[in-house]
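Residue numbers (the working numbering): -5 to 169.
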């Protein structure tokens, strides 16, 4: 290593290399940043519509809001998806199946809880048969409040998740 780079941080070296190569036709970036950028721009949610919030979730895929334009395409199988949108009331009887579907998703996986029923039980909070929030079963990344939340709120929640992925990187699990 040359003497002029001995006391320079890795970020400073990367910045200097980017300045020197900016007009050469290629870019320098950390692999983690590129993976996070690609992951955030191509979320594939699996619909887990349990109640009336699912109607608003379906509305975001229609032409007015068009989730495809931000790289979000609904997938029918948990093995093909990396985002689960939980929309509606989760009952205690449904909780084991919910966890099983979550476990079938590929890593890195994210969960968006949509509506007051999925967030904390909602109107049915004091019912004996209702799980008081899907975060008791799986870890939740973004909460979208409302009863039911609007399509704009869901779109904003997905964009918040994209921002979170870009800033924190992906959660790669090595086994």
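Just so you know, even glycine gets a beta-carbon here, dropped at the ideal spot from N, CA and C. Computed from a predicted model, the values in this text were never measured in an experiment.
CB of residue 144 within 8 Å of CB of residue 116, strictly
In the chain shown, the residue the question calls residue 144 occupies position 150. In the chain shown, the residue the question calls residue 116 occupies position 122. No; because the gap between Cβ atoms is not below 8 Å, this pair is not in contact.
Let me check understanding here. Comparing Cα to Cα, which of 48, 74 and 70 lies closest to residue 99?
Locating residue 99 in the chain shown gives position 105, where the first residue counts as 1. Selected option, being the one with the closest Cα: 74.
Give a yes or no on contact between the stretch 60 to 68 and the stretch 113 to 130, applying the rule of three or more CB pairs nearer than 8 Å.
no
Secondary structure of residue 66, DSSP reduced to three states:
Here residue 66 refers to the residue found at position 72 when the chain shown is read from its first residue. In this structure, residue 66 counts as coil in the three-state DSSP scheme.
With distances taken between CB atoms, is the gap from residue 107 to residue 128 smaller than 8 Å?
Locating residue 107 in the chain shown gives position 113, counting from the first residue. Locating residue 128 in the chain shown gives position 134, counting from the first residue. Yes, they are a contact pair.
Extent of the continuous beta strand (DSSP E) run through residue 207:
This structure leaves residue 207 out entirely; the chain is present only between -5 and 169.
So for residue 134, helix, strand or coil by DSSP?
For this step, residue 134 is matched to residue 140 along the chain shown. It is coil, neither helix nor strand.
Between 139, 29, 46 and 6, which lies nearest to residue 159 when the distance is taken from Cα to Cα?
For the purposes of this step, residue 159 is taken as residue 165 along the chain shown, with counting starting at 1. Minimum Cα distance to residue 159 is reached at 29.
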